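Structure, as structure tokens:
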Amino acid sequence: MQIRDISVLAAVISIVAMLVIPLPHWLISFLIIINITIALLILMTAMNMQEALQFSVFPTVLLLVTLFRLALNVSTTRAILAEGDAGKVVETFGTFVTGGNMLVGLVVFAILVIINFIVITKGSERVSEVAARFTLDAMPGKQMSIDADLNAGMISEKEARERREKVSGEADFYGAMDGATKFVKGDAIAGIIIVLINLIFGIIIGVVQLGLPFAEAAVLFSTLTVGDGLVSQIPALLISTATGIVVTRAASKGNLGGDITEQLFNQPKLLYVAAATIALLGIVTPIGIILTFPVSIALAIGAFMMSKASKEDPNEIEEFEEEITTDNMKSPENVINLLNVDPIEFEFGYGLIPLVDAAQGGDLLDRVVMIRRQLALELGIVIPVVRIRDNIQLQPNEYRIKIKGNEMARGELLLDHYLAMSPGDDDSIEGIDTIEPSFGLPAKWITESVKEEAEILGYTVVDPPSVVSTHMTEIIRNNAHDLLGRQETKQLIDHIRETYPILVDELTPTPLTVGEIQKVLGNLLREHVSVRNLPIIFETLADYSKMTSDVDILTEYTRQSLAKQITSQYAGNSNVLKVLTVSGRVEKIVADSIQQTEHGNYLSIDPNDSQAILESMAREIERASLMEQSPIILCSPAVRMYLRQMTERYFPQIPILSYNELESSIEVQSVGVVNVE
1215 MQIRDISVLA
1225 AVISIVAMLV
1235 IPLPHWLISF
1245 LIIINITIAL
1255 LILMTAMNMQ
1265 EALQFSVFPT
1275 VLLLVTLFRL
1285 ALNVSTTRAI
1295 LAEGDAGKVV
1305 ETFGTFVTGG
1315 NMLVGLVVFA
1325 ILVIINFIVI
1335 TKGSERVSEV
1345 AARFTLDAMP
1355 GKQMSIDADL
1365 NAGMISEKEA
1375 RERREKVSGE
1385 ADFYGAMDGA
1395 TKFVKGDAIA
1405 GIIIVLINLI
1415 FGIIIGVVQL
1425 GLPFAEAAVL
1435 FSTLTVGDGL
1445 VSQIPALLIS
1455 TATGIVVTRA
1465 ASKGNLGGDI
1475 TEQLFNQPKL
1485 LYVAAATIAL
1495 LGIVTPIGII
1505 LTFPVSIALA
1515 IGAFMMSKAS
1525 KEDPNEIEEF
1535 EEEITTDNMK
1545 SPENVINLLN
1555 VDPIEFEFGY
1565 GLIPLVDAAQ
1575 GGDLLDRVVM
1585 IRRQLALELG
1595 IVIPVVRIRD
1605 NIQLQPNEYR
1615 IKIKGNEMAR
1625 GELLLDHYLA
1635 MSPGDDDSIE
1645 GIDTIEPSFG
1655 LPAKWITESV
1665 KEEAEILGYT
1675 VVDPPSVVST
1685 HMTEIIRNNA
1695 HDLLGRQETK
1705 QLIDHIRETY
1715 PILVDELTPT
1725 PLTVGEIQKV
1735 LGNLLREHVS
1745 VRNLPIIFET
1755 LADYSKMTSD
1765 VDILTEYTRQ
1775 SLAKQITSQY
1785 AGNSNVLKVL
1795 TVSGRVEKIV
1805 ADSIQQTEHG
1815 NYLSIDPNDS
1825 QAILESMARE
1835 IERASLMEQS
1845 PIILCSPAVR
1855 MYLRQMTERY
1865 FPQIPILSYN
1875 ELESSIEVQS
1885 VGVVNVE
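So in my numbering the end of the sequence shown lands on 1891, straight run, no missing numbers.
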């Protein structure tokens, strides 16, 4: 525990002790000075803060200061009633400040109480209630705005996190201030009651116990009571003022002094009007020009200086701004910022702006949020922010999707049309022929008038936002392995470490580095295997990394440990999996072509054999597609990895599984055989 933590704890304990332990007069006087100092410090802090969260501890400070002032009131009351003396400070405020006139002192005290309780405290309480309610009501909208900016690429993940924390902090702050103002109100009421107690019971004690004449007792205890009330109410008034400043500060960009100067004196014409009004007041009334003219002249001079400053040569300002811009363009920091490559980019022509603009009914930003959430659950990785921007180099209705700066797909949308895909060979619907961008299927752009007819005929009809959302989802899913780098892998490791610390410590940094783990996860994602079940993946890697560090072999072991997941992924709710099997001859050709080196194994197959295998595979895939079956190729574990490497370029969407990756309970039906003569 640090010294400052101990000091605050000691201060709170001391405040509690003041409630029960009598204090010497010199200490009471010293604590009164401390009370006034703290109140001044809080007021100056409130005036110089630029936003509420810069003084986020204010509600707690308000509670502690109120408790301190009440404890001080208890100490002074005890001293006044028990000894007829409360120290030098109380006596000074009771005589010097009031001029020795007790009636004047009571009137001044009453005015301070009215100002504090009825004016400042009451207003602050109401403002706090409204601010707390409005802040909580606006919180969902602010969160949605942050998500929209994040999806549009206008801010980074870090900035979005900071903004969310700020929004949450503001809600907590104004909610706390709503209750904290009750401390100030209660303190003002307590001050009135304490003064009445000191005055009434002080006179009674002076007459009954001390044997003083009534007049002398009244003078003595009135002086002490007024002094005690003033030294209590002046800091209370400062604290109430600080509370009012904190809760009424809204949409401010600077401190209170700067904002007042900028907003109150930024129009010279109004100052001229005020100067003329004050001068006229001195001329037409008995007040006289001696008092009004100095103020009028000062306002006029200030208005003249402000007018002169606002008429500076705009060309000079423009040249100065141009110099600044040129210097900024030359600075290396700006060049470095240009080198950043966004993980995912969605660019569109100006004709597709309604897709993104919420004011025009566009919901693409909300769809991107759902896409990232859906793929995170499906793939098991955090999908980076999608930077969305318009590009005048594209055709008006054109868009493109980029991964790591490389264009991965391009498409075209007709916003006033629907995309209709035929279930068969029916081509009777009128429309503009096109290709569905996600899966390359023949489709048509149709108008609203024929949409219902197309749906009756069995066409699949989707709107343009759904088309681009599906396209973006498929592109991200197919390139997820490129989005998972070492930094993202480290984040996944840190996340699972919170739940499985022993497992992570056994796996990394030895025997596997973050880079090696990233390669295994990337291999899985490349073949559309989710890495969400990281505990099983890490358990497998921890078991087999002692035998080999070859990431390809480790990937095969990991796939086998995910047999339930892979089986469920392709079989679904059915207990039957229809596959294309690989003949023993093809497997032997592939196995004989594996070359082993000190850097790992690789496939070195004869081009003729490779061509024959690919042609046979293409025939079987086409035959399975005609039977309306999703082709899945099944082979032995020894050649699965190499067969995948050979076919990946030609059949990237066709899954290749090994027998060890299927659950024993699943029924496998062969609908074709990949074979060569």
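Each residue gets a CB set at the ideal place from its N, CA and C atoms; glycine is no exception.
Nothing here was measured: the structure is a model prediction, and the numbers come from that model.
Give the secondary structure of V1607 by DSSP, where H, G and I count as helix, E and B as strand, and everything else as coil.
-> In the sequence under discussion, the amino acid at residue 1607 is Gln, which differs from the Val named in the question. Of the three classes helix, strand and coil, the one that applies to Q1607 here is coil, per DSSP.
With a 10 Å radius around its C-beta and 16 neighbouring C-beta atoms as the bar for buried, classify E1339 as buried or exposed.
-> buried
Considering F1560, what are the terminal residues of the beta strand (DSSP E) in which it resides?
-> I1558 to F1562
When A1657, I1689 and Y1632 are compared against K1665, the one with the closest alpha-carbon | Y1632
Assuming V1279 and I1252 make a contact with CB atoms under 8 angstroms, what is their CB distance in whole Å?
-> 6 angstroms
DSSP state of E1891, grouped into three classes?
-> coil
Cα-Cα separation between V1190 and G1337, rounded to whole angstroms = Outside the displayed range of the chain (1215 to 1891) lies residue 1190, so it cannot be described from this structure.
Going straight from the alpha carbon of I1868 to that of Y1388, what length do you get?
-> 57 angstroms
Which runs of the beta strand (DSSP E), 3 residues or longer, sit entirely within the region 1636-1688?
-> 1646-1649, 1656-1660 and 1674-1676
Below 7 angstroms CB to CB, which residues in the same chain sit around D1361 once its five sequence neighbours on both sides are set aside?
-> V1583
Among G1502, Q1859 and G1575, which has the Cα closest to the Cα of P1679?
-> G1575
Where does the unbroken beta strand (DSSP E) through R1711 begin, and where does it stop?
-> No beta strand (DSSP E) contains R1711, which is instead part of the alpha helix (DSSP H) from R1700 to R1711.
With DSSP collapsed to three states, give me the class of L1553.
-> coil
Look up I1294 in the DSSP assignment and say whether it is helix, strand or coil.
-> helix
Q1481 by DSSP, collapsed to three states: which one?
-> coil
Cutoff 7 angstroms; reference V1853; Cβ partners in own chain excluding five residues on either side = E1801, V1804 and A1805
Whole runs of the alpha helix (DSSP H) within the region 1325-1407, excluding any shorter than 4 residues | 1336-1365
What are the partner residues of N1874, as DSSP defines its beta bridges?
-> DSSP lists no partner for N1874.
Return the CA-CA distance between A1266 and E1384, expressed in angstroms with no decimal places.
-> 7 angstroms
Which one or two residues does DSSP pair with N1894 in a beta bridge?
-> An answer regarding residue 1894 cannot be provided, because it is not within the stretch 1215 to 1891 covered by the chain.
Using beta-carbon positions only, say whether V1734 and L1755 come within less than 9 angstroms of one another.
-> yes
With DSSP run on the structure shown, which of helix, strand or coil describes R1581?
-> helix
For the beta strand (DSSP E) containing T1795, list its first residue and its last residue.
-> V1790 to V1796
Cutoff 7 angstroms; reference E1535; Cβ partners in own chain excluding five residues on either side | Model confidence at E1535 stands at a pLDDT of 48, short of 50, so the residue's coordinates are unreliable and nothing is read from them.
Contact the region 1617-1633 vs the region 1708-1726: 3+ CB pairs below 8 angstroms | no
Sequence-distant residues of its chain with Cβ nearer than 8 angstroms to K1380 (five each side left out) = L1267
Let me know the secondary structure DSSP gives Y1632 once reduced to three states.
-> strand
Cβ contact check for the region 1815-1825 and the region 1855-1875: 3 or more pairs under 8 angstroms | yes
Boundaries of the alpha helix (DSSP H) in which M1831 is found, first to last residue | P1821 to L1840
Alpha-carbon spacing of Q1481 relative to M1261, whole angstroms = 23 angstroms
Look at the Cβ atom of A1832, then the Cβ atom of Y1864, and state whether they are nearer than 9 angstroms.
-> yes
Close beta carbons around L1871, own chain, < 6 angstroms, minus the five adjacent residues each side = L1848
Within 10 angstroms of the Cβ of N1822, are there 16 or more other Cβ atoms? Answer buried if so, exposed if not.
-> exposed
With a threshold of 16 other CB atoms inside 10 Å of the CB of H1685, please say whether the residue is buried or exposed.
-> buried
Thinking C-beta only, is A1694 closer than 9 angstroms to L1593?
-> yes
Neighbourhood of T1703 by C-beta distance below 7 angstroms, restricted to the same chain and skipping five residues each side | V1728, I1731, Q1732 and L1735
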